[in-house]
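In this note's numbering, the protein residues as written are 467 to 1040. Glycine included, every Cβ here is placed at the ideal spot set by N, Cα and C. This one's a predicted model, so the numbers in the text were calculated from it and none came from an experiment.
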């Protein structure tokens, strides 16, 4: 959602994680002058300098808050772009930090205004600047929201503006959001990361995606966050350097992200000290890493993720029937696969869009996992006319076999192993699935274009309870052609409620309705177990994500790497 997913990149990673293949309890606020002391077992005085090297599965794609839609891009929003408020995860729900609590927030205060409190006014901190030295103003906020609304941009975030009338700037530091009515998601939907108007504002919105700074961001991309892109070696690594205008200087000289598609290579690099961070650690490797690499600690992004099989009803005709999809789900022994993949203690069976981290929304009665019942699955398929008429072990109907392609991405051993087991379990009921493994970006493009039959996929769940951003009819993340008026009516009712307490029961009803139609076979909610070298300190990892406080990361002087040669870049000029 996403991965998710939210107004903040970490909260929205749900919708950025999409198929990324992709925590411990939250600590206190990490404010402007505070250190994430003790989060990594060290309360030492932080040093400045050095380079942290991180390994990720895939490269950046669209490093801008208006258009990003992949996992790494979503995490980079946490590093590179500020929003009016900053999200944090506390006691099963999202909270909203101002600039008094986080240097990544633009506003120091907000208030509800108007006769029915349908307006939300923000007071922005003065003196904040973009990485090229230009001031960040309320006009940037207004332009960001105006251009997201423009259909020529085709922003994945335009659905967030469905209940917004307008955004107005009273002056350079006061901006007001005027909504059609008061509803619980006002803070969430007014919290998008802000883009610089002075860089993109003169362009036709339809041309923004081709801006030179987005095609080659090294030294050109204007940002507001703690680090900026100094060098980019496409498909190999991204070198981030300090943003000289960020109000709390980053402690590290550089943060380098190496692109390593192969999970085994990422793990080897972590264990031998070639990288300081990677994720997720394959569950079957955790004990090995603990025994062989005492310099590595483990952090959890707790039940932020879920895996599923998604079905394209226009890619394979049988998938248009919810009962067929239900039968396929019943043929999967999720409870048996979890220990087979050594996920015990890190994953639990899933049955719907809310994981157990949502204490007020998760309902095991209506969102519980499907039963493993191959007899029932066979009966459903037989009742729909699927028979093995030629004795080849594969069901057929009207001369066509129940045979389709199951798409998955490379570099994800958990999903690859699970898909092979699922393939065999489907075979037992006469269903023939052919596995098609593709490089991540190619795989993601096919899902975006809906050019697939079935796919093993996953979301990092949005930290907002709102389901419409993923499941509404026109959402770019609705990749299964989900179209149910009853569900959409519940969305509208939920979004029309003035408080979260009144909206949550409606969101739960909508989730139950989605589950009943089986657009996915939910598999498991799982913890991302992240591996971190002990020399990298101050890194806060929890349900919100891993890149939430980069300005506080530090490495002791005695363990610092030299900056990568040629990586420094002058502040970008617009």
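(request) To the nearest angstrom, report how far apart residue 1011 and residue 749 are at their CA atoms. (result) Counted from its first residue, the chain shown places residue 1011 at position 545. Counted from its first residue, the chain shown places residue 749 at position 283. Residue 1011 and residue 749: Cα-Cα distance of roughly 19 Å.
(request) For residue 1024, count neighbouring C-beta atoms within 10 Å of its own C-beta (all shown protein chains included) and say buried if the count is 16 or more, exposed if not. (result) Taking the chain shown and counting its residues from 1, one reaches residue 1024 at position 558. Looking at its Cβ environment, which holds fewer than 16 other Cβ atoms inside 10 Å, residue 1024 is exposed.
(request) Ignoring anything shorter than 3 residues or poking outside the stretch 783-860, list the beta strand (DSSP E) runs there in chain order. (result) 813-815
(message) Could you check whether the stretch 759-767 touches the stretch 820-827, counting it as contact only if at least three pairs of C-beta atoms, one from each stretch, sit closer than 8 Å?
(response) no
(request) Find the nearest neighbour of residue 541 within the set 926, 869 and 956, judged by alpha-carbon distance. (result) Position 75 of the chain shown, counted from the first residue, corresponds to residue 541. Checked all of 926, 869 and 956; the closest Cα to residue 541 is 926.
(request) Note down, one range per segment and in chain order, each beta strand (DSSP E) of at least 3 residues found wholly within the stretch 883-941. (result) 898-904 and 920-926
(request) Assign residue 1002 to one of three DSSP states: helix, strand, or coil. (result) Taking the first residue of the chain shown as 1, we reach residue 1002 at position 536. Coil.
(message) Check for me: the beta strand (DSSP E) holding residue 607 runs from which residue to which?
(response) Taking the first residue of the chain shown as 1, we reach residue 607 at position 141. Per DSSP, residue 607 belongs to no beta strand (DSSP E); it is in the alpha helix (DSSP H), 604-615.
(message) Once the 5 residues before and after residue 647 are set aside, which same chain residues still bring their CB inside 6 Å of it?
(response) Counted from its first residue, the chain shown places residue 647 at position 181. Counting only Cβ-Cβ distances below 6 Å, and skipping sequence neighbours, we find 584.
(message) Quick check: the stretch 865-877 against the stretch 901-912, are at least 3 beta-carbon pairs closer than 8 Å?
(response) yes
(message) Can you list, in chain order, the residues of its chain with a C-beta nearer than 7 Å to that of residue 799? Leave out the 5 residues immediately preceding and following it.
(response) To locate residue 799, count along the chain shown from 1; it is residue 333. So the qualifying residues of the chain are 838 and 891.
(request) Return helix, strand or coil for residue 871, following the three-state DSSP convention. (result) Here residue 871 is taken as the residue at index 405 of the chain shown, counted from 1. Residue state, collapsed to three classes: strand.
(message) With H, G and I counted as helix, E and B as strand and the rest as coil, what does DSSP make of residue 674?
(response) On the chain shown, position 208 is the one that residue 674 refers to. Residue state, collapsed to three classes: helix.
(request) Give the straight-line distance between the Cα atoms of residue 1005 and residue 518, rounded to the nearest whole angstrom. (result) Counting from 1 along the chain shown, the entry for residue 1005 is found at position 539. Counting from 1 along the chain shown, the entry for residue 518 is found at position 52. Their backbone Cα atoms lie some 11 Å apart in a straight line.
(request) In angstroms with no decimal places, state the Cα-to-Cα distance between residue 821 and residue 770. (result) The count along the chain shown starts at 1 and reaches residue 821 at position 355. The count along the chain shown starts at 1 and reaches residue 770 at position 304. The straight-line gap from Cα to Cα measures roughly 7 Å.
(request) Report the rounded CA-to-CA distance for residue 619 versus residue 843, giving the unit in angstroms. (result) Here residue 619 corresponds to residue number 153 of the chain shown, with the count starting at 1. Here residue 843 corresponds to residue number 377 of the chain shown, with the count starting at 1. The alpha-carbon atoms of residue 619 and residue 843 are separated by roughly 44 Å.
(message) From the DSSP secondary-structure annotation, give me the bridge partner or partners of residue 573.
(response) The residue labelled residue 573 in the question sits at position 107 within the chain shown. For residue 573, which the question treats as bridged, DSSP gives the partners 590.
(request) Please look up how many angstroms separate the CB atoms of residue 989 and residue 816, rounded, as I've assumed it's under 8 Å. (result) The count along the chain shown starts at 1 and reaches residue 989 at position 523. The count along the chain shown starts at 1 and reaches residue 816 at position 350. Their Cβ separation, rounded to whole angstroms, is 6 Å, which keeps residue 989 and residue 816 in contact under 8 Å.
(request) Could you tell me whether the Cβ atoms of residue 884 and residue 752 are closer together than 7 Å? (result) Locating residue 884 in the chain shown gives position 418, counting from the first residue. Locating residue 752 in the chain shown gives position 286, counting from the first residue. The answer is no: Cβ separation not under 7 Å.
(request) In angstroms with no decimal places, state the Cα-to-Cα distance between residue 594 and residue 808. (result) Indexing the chain shown from 1 puts residue 594 at position 128. Indexing the chain shown from 1 puts residue 808 at position 342. Per the coordinates, the alpha-carbon of residue 594 lies some 48 Å from the alpha-carbon of residue 808.
(message) Quick check on the burial criterion: 16 or more other C-beta atoms within 10 angstroms. Buried or exposed for residue 857?
(response) By one-based count along the chain shown, residue 857 stands at place 391. Label assigned to residue 857: exposed.
(request) Would you give the residue range spanned by the beta strand (DSSP E) that residue 518 belongs to? (result) Indexing the chain shown from 1 puts residue 518 at position 52. Element bounds for residue 518: 517-522.
(message) For a quick check, are the C-beta atoms of residue 943 and residue 933 less than 7 Å apart?
(response) By 1-based counting over the chain shown, the position of residue 943 is 477. By 1-based counting over the chain shown, the position of residue 933 is 467. Against a cut-off of 7 Å, the Cβ pair of residue 933 and residue 943 comes out as no contact.
(message) Between the alpha carbons of residue 686 and residue 812, how many angstroms are there, rounded?
(response) Looking up residue 686 in the chain shown gives position 220. Looking up residue 812 in the chain shown gives position 346. For residue 686 and residue 812, the distance between alpha carbons rounds to 41 Å.
(message) Quick check on residue 729: does DSSP put it in helix, strand or coil?
(response) As a working mapping, residue 729 is identified with position 263 in the chain shown. In this structure, residue 729 counts as helix in the three-state DSSP scheme.
(message) If contact is defined by three or more beta carbon pairs under 8 Å, each pair taking one atom from either stretch, is the stretch 705-715 in contact with the stretch 732-750?
(response) no
(request) With a 10 Å radius around its C-beta and 16 neighbouring C-beta atoms as the bar for buried, classify residue 965 as buried or exposed. (result) On the chain shown, position 499 is the one that residue 965 refers to. So residue 965 ends up on the exposed side.
(request) Please state whether DSSP places residue 596 in a helix, a strand or coil. (result) The residue given as residue 596 occupies position 130 in the chain shown. DSSP places residue 596 in coil when its eight states are reduced to three.
(message) Rounding to the nearest angstrom, what Cα-Cα distance links residue 865 and residue 794 in this structure?
(response) Against the chain shown, residue 865 aligns to sequence position 399. Against the chain shown, residue 794 aligns to sequence position 328. For residue 865 and residue 794, the distance between alpha carbons rounds to 20 Å.
(message) Let me check one thing: in DSSP terms, what residues is residue 660 bridge-paired to?
(response) Counted from its first residue, the chain shown places residue 660 at position 194. Partner(s): none; residue 660 has no beta bridge.
(message) Does any residue of chain B have a CB that is nearer than 7 Å to the CB of residue 659?
(response) No chain B appears in this structure, which consists of one protein chain only.
(message) Relative to the C-alpha of residue 641, which candidate in 582, 688 and 578 has its C-alpha closest?
(response) On the chain shown, residue 641 is found 175 positions in, with the first residue counted as 1. When each option's Cα is compared against that of residue 641, the closest is 578.
(request) With a 10 Å radius around its C-beta and 16 neighbouring C-beta atoms as the bar for buried, classify residue 557 as buried or exposed. (result) Your numbering for residue 557 matches position 91 in the chain shown. Taking all protein chains in view, the Cβ of residue 557 is surrounded by fewer than 16 other Cβ atoms within 10 Å, so the residue is classified as exposed.
(message) Out of 894, 915 and 564, which one is the CA nearest neighbour of residue 781?
(response) Here residue 781 is taken as the residue at index 315 of the chain shown, counted from 1. Of the listed residues, the one whose Cα sits closest to residue 781 is 915.
(message) Which same chain residues end up closer than 6 Å to residue 789 when comparing Cβ atoms and leaving out the 5 residues on each side of it in sequence?
(response) By one-based count along the chain shown, residue 789 stands at place 323. Closer than 6 Å at the Cβ level, and outside the excluded window around residue 789, lie 846.
(message) Measuring alpha carbon to alpha carbon, tell me which residue in 607, 655, 741 and 630 is nearest residue 644.
(response) Within the chain shown, the letter at position 178 stands for residue 644. Of 607, 655, 741 and 630, the residue nearest in Cα terms is 630.
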